[in-house]
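Under numbering that gives the first Met the number 0, the residues of the sequence shown are numbered 0 to 128, in order.
Structure first, then comments.
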Amino acid sequence: MSFFKVNENCNGCLACVQNCPAGALNHFDQEDKRKILHNMSLCARCGHCWRVCPQDAIEFKELLTGRFDLVTTLDLVHCKVCGEPVFTTSLGDSVSKNTPKSVEPLCPDHKGSEPVAVWKKLASKRASQ
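Structure follows, in structure tokens:
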């Protein structure tokens, strides 16, 4: 998703492209279409494109919002005790491939209690023998 928004007032005059001091705007004509391009990594967010546009076609407020765009979604592994998210499944798979042990899905609060639980289980087994 682009932060650079152009509304239906754009008539393709290229004032924005020709006056962008950062070179963040470009265009190309292909068959019977004019395409205007914006490169966010070059954009200085100076607002010059907005100021020079004779059609009020550039919605500069979109450049200033600083919102986050979703770039990926990953599955979570939850703590087996409390259900708190601990790590992603892909991180767990990566770590498990590179270590001799599998990664226990335990949050920091329960990670320390796991050895105690194992010890209690072993102690109760010995007591019943």
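Ideal Cβ placement from N, Cα and C applies to all residues, glycine included.
Using a Cβ-Cβ cut-off of 8 Å (strictly less than) and excluding sequence neighbours within five positions of residue i, which residues of its own chain qualify?
i: residue 104; result: 76, 77, 78, 79, 85, 86, 91
i: residue 135; result: Outside the modelled stretch of the chain, which goes from 0 to 128, sits residue 135, for which no answer is possible.
i: residue 28; result: 34
Per DSSP, which residues does residue i bridge with? Please list them.
i: residue 24; result: 37
i: residue 51; result: For residue 51, which the question treats as bridged, DSSP gives no partner whatsoever.
i: residue 77; result: 84
i: residue 5; result: 57
i: residue 32; result: 29
How many whole angstroms separate the CB atoms of residue i and residue j, which I take to be in contact at a CB cut-off of 8 Å?
i: residue 51; j: residue 15; result: 6 Å
i: residue 48; j: residue 18; result: 7 Å
i: residue 73; j: residue 89; result: 6 Å
Here's a check: name, in chain order, each residue in its chain whose Cβ is nearer than 7 Å to the Cβ of residue i, leaving out the five neighbours to either side.
i: residue 26; result: 13, 16, 33, 34, 35, 36
i: residue 127; result: none
i: residue 124; result: none
i: residue 55; result: 8
So which of the options has the shortest CA-CA distance to residue i?
i: residue 43; options: 24, 102, 56, 30; result: 24
i: residue 53; options: 98, 11, 31, 128; result: 11
i: residue 22; options: 83, 40, 128; result: 40
i: residue 20; options: 71, 46, 97, 98; result: 46
If I measure Cβ to Cβ from residue i and keep anything under 6 Å in the same chain, skipping five residues before and after, which residues do I get?
i: residue 95; result: 101, 102
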